[in-house]
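Below: the structure, in C-alpha cells.
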Amino acid sequence: MDNERIKKGINRRSFLRSTAALGAGLVLAPESFGQESVSETDDINVALLGAGAQGRVLVDSCLKIPCIRFKAVCDIWEDYNQRLLSRRLKAYRHEHNTYVDYKEMLADEKDLDAVIVATPDFWHAEHTIACLKAGLHVYCEKEMSNTIEGARRIVQAARESGKLLQIGHQRRSNPRYIHCFDRLLKDAKILGRITTVNGQWNRSAQLDLGWPKKATIDTNLLNKYGFTSMEQFRNWRWYKGLGGGPIVDLGSHQIDIYNWFLDANPKSVIAGGGTDYYDKETHQWYDNIMAIYEYETAQGTVRAFYQTITTNSSQGYFETFMGDQGTLVISESASRSDVYREPSAPDWDKWVKIGCLIEPAKKEQEKPETDAVLDVRETLAPPAYKLPVKFDDPYHKPHLENFFDAIRGKAKLNCPAEVGYETAVTVLKVNEAVEAARKLSFEPEEFNI
Amino acid sequence: MLKNVFRSMFHVSIFVLLVFVLLLTPSCKKSTGESSSEQTKQQSSNNTRKEAEQTNEASVQLIPLDIKLPKPMFVGTPQNIRVPNLEKPLGRPRPPFLAPVGTENVALGKRVTGSDEEPIIGEIEMITDGDKEGADGSYVELGPFLQHVTIDLEAKYDIYAIVLWHFHKQARVYFDVVIQVADDPDFVTNVRTLFNNDHDNSSGLGIGSDMHYVETAEGKLIDAKGVRARYVRLCSNGNSSNDLNHYIEVGVFGKPAK
Chain A
1 MDNERIKKGI NRRSFLRSTA ALGAGLVLAP ESFGQESVSE TDDINVALLG AGAQGRVLVD
61 SCLKIPCIRF KAVCDIWEDY NQRLLSRRLK AYRHEHNTYV DYKEMLADEK DLDAVIVATP
121 DFWHAEHTIA CLKAGLHVYC EKEMSNTIEG ARRIVQAARE SGKLLQIGHQ RRSNPRYIHC
181 FDRLLKDAKI LGRITTVNGQ WNRSAQLDLG WPKKATIDTN LLNKYGFTSM EQFRNWRWYK
241 GLGGGPIVDL GSHQIDIYNW FLDANPKSVI AGGGTDYYDK ETHQWYDNIM AIYEYETAQG
301 TVRAFYQTIT TNSSQGYFET FMGDQGTLVI SESASRSDVY REPSAPDWDK WVKIGCLIEP
361 AKKEQEKPET DAVLDVRETL APPAYKLPVK FDDPYHKPHL ENFFDAIRGK AKLNCPAEVG
421 YETAVTVLKV NEAVEAARKL SFEPEEFNI
Chain B
1 MLKNVFRSMF HVSIFVLLVF VLLLTPSCKK STGESSSEQT KQQSSNNTRK EAEQTNEASV
61 QLIPLDIKLP KPMFVGTPQN IRVPNLEKPL GRPRPPFLAP VGTENVALGK RVTGSDEEPI
121 IGEIEMITDG DKEGADGSYV ELGPFLQHVT IDLEAKYDIY AIVLWHFHKQ ARVYFDVVIQ
181 VADDPDFVTN VRTLFNNDHD NSSGLGIGSD MHYVETAEGK LIDAKGVRAR YVRLCSNGNS
241 SNDLNHYIEV GVFGKPAK
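Written out as C-alpha cells, the structure is:
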C-alpha cells in the first residue's frame, strides 16, 4: 500500500518535472509522458517584472506549465534578484533579456503577450498600468495596490485597454476552494445559514531580511526607485507608503475568501492592533491585528473575525465558516480541510453519495482513559467529513494557468480587476480602522468604479 | 641406637638450616631489594597501561556533538508539500548526537566540487564556509534536476556524522537525497552509501529506503557510524518547491584516521 502511494506520488512529481524539463528542452518529446503536443501558436511570451521571492515562486509555477516562454526579466537588484532569476531561466533554456528599467523593457520587447508584475505593492499601479497601456495582458500580484486610489486607476486602465488583468489571489483558482464554493456552499448549502467566520494567519517572530553585502544596491538607484536604504528595500512590506503590513501580506488572501464565500462585501469593520513587538521605526505597519467585519448577506448578518500575529505561529493559517447546519474549516494547506455537521442538521449521506464530501473515517472504539463514560461538560466532537478534491500542485499554478487559458480564450479570469479591487477596499480599510480606533463603515459605492 | 642416629641427624639438619639461613640473609635482602625495583617497574608498567587504557577509553568516550545551529527562518507564502514517505517532524529539538571526544567538523573550509560548475546564485565554496543562515547570500543554488557536490576532506577521516542544510528559509523537501563516501574523487573505490531516499532509483545510484524529510534550521543529521573515507558526495534532484538544488552548509564531523 505504502509502495503504491509512494509510486503515485513519484509519478505525479515526474509528470510536473517532465513538463519543466520539456520547457527547458532538456528531455523527452511530449507524447513520451502522455501529453499531446501543443502547437506553437499556443505559446505565450511572458516578461517578469520583479524578480524577488514572490516573482521566483510564480516563475517556478510557470515552468511547470507548457508553452510559457519567458522573454524578459526586469528587476532593479541586478546583482542578486535579476541575476538569480535570469540564470535560473537560462538553465531551462528560456532565451530572454534582462532589464533594470521597466520602461526600457516595454520599449524594446516587441513580441511579449503578457507581464507578471511581482514588484513591491507601491509599484503595482505604475507597472500594471504601463503594461496594460503597452497592450499586454497582466498578472499582478496582490495587493493590487497599497492605496485605493492606485487600485482604482488599475481597474480603469484594465477596462480602457481591453486587456486581461488577473490579480494574484491564487486561492480563487485552487480546486479545493472552488469545490467548497461551487458544490458545498452554492449547490448543497451545506452549512445552512452562515452566521460567523473566523480566520487567522499566525507566524513566528522573524528577523528582518538581510542581503549579501557585496550585492548592495547603490543608494542613488534605491532612491530613484522609492527606497531610502537597502534595509528598507529588503523589508518594504513593513513600511507605510510602500507596503501594507501583515494584514495585507497575509490577511488579504483570506479576507478575499470571506468576500467570495459570503458572496458579499462587508458593511463595516472594527479593528485593533499595533506594533507591539518589533521596532516601530522599521516596522511602521502593525505587527498584530484583530479585526471584526460585519457582512449583510442574503441570508442575514454575518460577523467575521480575522487575526494575524507575527510573533507566534500557533495554529498557522485557516478560514472557518460556521453555519447553523455545519462548519467548514479550510486552508490553503491541504492538511486542514474538514467539514463538520451540526447535530440538528439533516443527514449528509446524499452529499456523500454524489461526491460532494467523503464520509468520516470510522474509528475503532477506543478505550476511555479514565473511568468516566461520558464527559457531559462539553459537546461531543462531531465527526469530520473530508473534501474529495486532491490538489498537489504548487499553490499558484492553477491561478497562472487560469490567466494563460484566459489569454488563449479558453477560460474566464477567476480574479479579474474588479474582484481584486473589492478585496483591496475590504483589506486596506483594516489599517485605517486601527488608526482611527473606531468602527468604520463601507459605503456600497466604495466597491464600485 | 637407631634413635640416637636420628637425633644426631636432626641436630645436624637444624645446624645446617641455621647456617643456611644466616648465609642467605644478605642475599634475601638483595633479592627483596630487586623485587621492590621490579614492583616499581611493574607499578610503572601498570600505570602506563592504565594511562593507555584511559587514553583508549578517552578515544571512545562519547560526548554530545557540538553543532551550532542557525536562526530559524520561514518566510513567504508556504508551498504545497504533500510528499509521500515523509518523515514526521520530531516537534522538538533533535536529541544530542554522541560522538567520540575530539570529533569536529572536518569539512570546514575544505574544497568542494560539483556537477554544476556555474551555480545559478552563490558560490560552491559556501557549502563549507561555516555559514548556516538561511538568508539570501548564504546559500548556493545549483541547476535543475539531478546535481551533486563532492567535498574533499584532504585526508582520510573516521566520520561519525554528516549534518546538511539544503535550504531552511521555507519548509521544503529535497528529492533523491543520496549521501556517499569513497576513497577516490570519482567515487569508484570503496563507495559506501550513508543515506538514500531515492525510492525509484531516478538518480541511478540505487533504490534507497530512507525517508523524505522537511528542511529546518536544525539541518539533517546522518549517522555515519565512524566510516573511514576522504571524499563525501551529496546528490539531490530538485525539491518540493522547484526543480533546483540548494546547499547552505554541509558539516562532516570526524577525526583523523589512525
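Quick note, the sequences are listed as chains A and B, same order.
So the first sequence is residues 1 to 449, counted in the working numbering.
So the second sequence is residues 1 to 258, counted in the working numbering.
Idealized CB from N, CA, C, for every residue including glycine.
In this text the structure is predicted, and so the values were computed from the model without any measurement.
query: Hey, quick one: how far does the alpha helix (DSSP H) through B:H246 stretch, first residue to last?; result: Where B:H246 is concerned, there is no enclosing alpha helix (DSSP H), although the beta strand (DSSP E) it sits in stretches over N245 to Y247.
query: Can you tell me the Cα-Cα spacing of A:G454 and A:E231, whole angstroms?; result: Since the displayed chain A opens at 1 and closes at 449, residue 454 of chain A lies outside it and no answer follows.
query: Starting from B:D136, find everything on chain A with Cβ-Cβ shorter than 8 Å and list it in chain order.; result: Y80, L209, G210, W211 and P212
query: Using a Cβ-Cβ cutoff of 9 Å, what residues of the segment 224-246 of chain B are near chain A? List them in chain order.; result: N237, G238, S240, S241, N242, D243 and L244
query: Between A:D256 and the rest of its own chain, which residues show a CB-CB distance below 6 Å, the 5 nearest in sequence each way excluded?; result: H169 and T423
query: Take the Cβ of B:R233 as the centre, count every other Cβ of all protein chains shown within 10 Å, and call the residue buried at 16 or more, exposed below.; result: buried
query: What does a CB cutoff of less than 8 Å around B:E154 pick up in its chain, not counting 5 residues either side in sequence?; result: K110, R111 and R230
query: Within 10 angstroms of its Cβ, does B:V101 collect 16 or more other Cβ (buried), or is it exposed?; result: exposed
query: Chain A beta carbons: is any one of them nearer than 8 Å to that of B:E249?; result: no
query: Taking only runs of the alpha helix (DSSP H) that begin and end inside the segment 400-445 of chain A, which ones reach a length of at least 4 residues, in chain order?; result: 417-436
query: Counting only C-beta atoms, is B:G211 closer than 8 Å to chain A at any point?; result: For the sequence presented, residue 211 of chain B should be read as Met rather than Gly. For B:M211, the answer is no, since every Cβ of chain A falls outside 8 Å of its Cβ.
query: Can you check whether the CB of A:E342 is closer than 8 Å to the CB of A:G326?; result: yes
query: Distance check for A:V57 and B:R192, CA to CA, integer angstroms please.; result: 36 Å
query: For B:P89, name the three-state secondary structure that DSSP assigns.; result: coil
query: Against chain B, which members of the segment 183-205 of chain A pass a CB distance test of less than 8 Å?; result: R203 and S204
query: Which residues share a DSSP beta bridge with A:V329?; result: A:T320 and A:D338
query: Going by alpha carbons, who is nearest to A:T310 out of A:A406, A:Y277 and A:I68?; result: A:Y277
query: Span of the beta strand (DSSP E) holding B:K225?; result: K220 to N237
query: Using beta carbons (cut-off 8 Å, strictly below), is B:P144 in contact with chain A?; result: yes
query: Please tell me whether B:K88 has its Cβ less than 8 Å away from any Cβ of chain A.; result: no
query: Can you give me the C-alpha to C-alpha distance between B:K225 and A:N288, rounded to a whole angstrom?; result: 47 Å
query: Among A:Q166, A:Q206 and A:W211, which residue has its Cα nearest to the Cα of A:W77?; result: A:W211
query: Smallest Cα separation from B:K169: which of A:Y139, A:L209 and A:G135?; result: A:L209
query: Just to confirm, is the Cβ distance from A:L413 to A:L136 under 8 Å?; result: no
query: Once the 5 residues before and after A:P175 are set aside, which same chain residues still bring their CB inside 6 Å of it?; result: V389 and F391
query: With 16 as the cutoff for other CB atoms within 10 Å, does A:K213 come out buried or exposed?; result: exposed
query: State the CB to CB distance for the pair A:N312 and A:N202, rounded to an integer number of angstroms; the pair is presumed to be in contact (CB under 8 Å).; result: 6 Å
query: If I'm right that B:I248 touches B:K71 with Cβ under 8 Å, what's the distance once you round it to whole angstroms?; result: Not really, about 12 Å apart at Cβ, beyond 8 Å.
query: Does any C-beta atom of chain A lie closer than 8 Å to the C-beta of B:N197?; result: no
query: So the candidates are A:W348, A:G273, A:R183 and A:K142; which of them puts its Cα closest to the Cα of A:D249?; result: A:K142
query: Give the residues of chain A in contact with B:M73, contact being defined as C-beta atoms less than 8 Å apart.; result: Q206 and L207
query: Expressed to the nearest angstrom, what Euclidean distance is found between the alpha-carbon atoms of B:P95 and B:D66?; result: 12 Å
query: For B:Q61, does the count of other Cβ atoms within 10 angstroms reach 16, so buried, or fall short, so exposed?; result: exposed
query: Using a beta-carbon distance cut-off of less than 8 Å, what residues from the segment 68-94 of chain A approach chain B?; result: Y80, R83, L84, R87, R88, A91 and Y92
query: Between the Cα of B:G143 and the Cα atoms of B:D158, B:S115 and B:I162, which residue gives the shortest distance?; result: B:S115
query: Three or more C-beta pairs closer than 8 Å, one from the segment 48-55 of chain A and one from the segment 111-118 of chain A: is that the case here?; result: yes
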